[in-house]
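Asker:
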Amino acid sequence: MSAELIKREKVMPETRLGKITSKRQLTIPKDFFDKLGLSGDVEIILDKDELRIKKYQRLEESHDYFADLVLKSILDEGIEGKEEILKEFRLRMDLLPLAVQDYVKDVRNKTAYDNRTPEELDKALFGEE
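First residue of the sequence shown: 7, per this note's numbering; consecutive thereafter.
1. Here's the rule: buried if 16 or more other CB atoms are within 10 angstroms of the residue's CB, otherwise exposed. What is ILE51?
2. Skipping 5 residues on each side, what residues in its chain have a beta carbon closer than 8 Å to that of ARG122?
3. Give the secondary structure of LEU57 by DSSP, where H, G and I count as helix, E and B as strand, and everything else as coil.
4. Just verifying my parser: in three-state terms, what is the DSSP assignment at GLU89?
5. Would you list the residues sitting across from LEU32 in a DSSP beta bridge?
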């Protein structure tokens with residue numbers, strides 16, 4: 007087997023046929039479901055003429071980390087007084103999901119015509135795991 011063929015095999019995605027019911031429900035093959043560690047919700051992305059399904063990570067799962075960052079930001083800005091800090095904290099935490107959505111939308115727009123694979127883009131944007 008040639009080196010080029012071996013290289014292509016590594017990047018070829020796994021595929022399966024799926025069935026969509028009359029109620030527009032799609033069954034995810036068990037092996038895909040297990041490999042991705044899916045449970046509950048998934049993110050469905052419409053990209054030109056194809057759908058992509060990704061494991062959905064809820065904002066709540068990283069809520070504590072963001073809460074720490076928001077609180078640190080408020081304290082760094084010199085906001086004082088329990089009530090003022092609490093008011094600003096609640097406001098920023100309420101706005102956080104919108105900010106994350108805007109960020110994701112911005113990243114998708116900037117990478118829409120990028121020729122790199124999703125894995126290469128992830129590494130470029132977020133570094134190695």
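Don't be surprised by glycine CBs; every beta carbon is placed ideally from N, CA and C.
Source: prediction; values computed, not measured.
Answerer: Inspection of the coordinates gives the following:
1. So ILE51 ends up on the exposed side.
2. Here the set comprises ALA130.
3. LEU57: strand per DSSP, three-state reduction.
4. In the structure shown, the three-state DSSP call for GLU89 is helix.
5. DSSP lists ILE26 as partners of LEU32.
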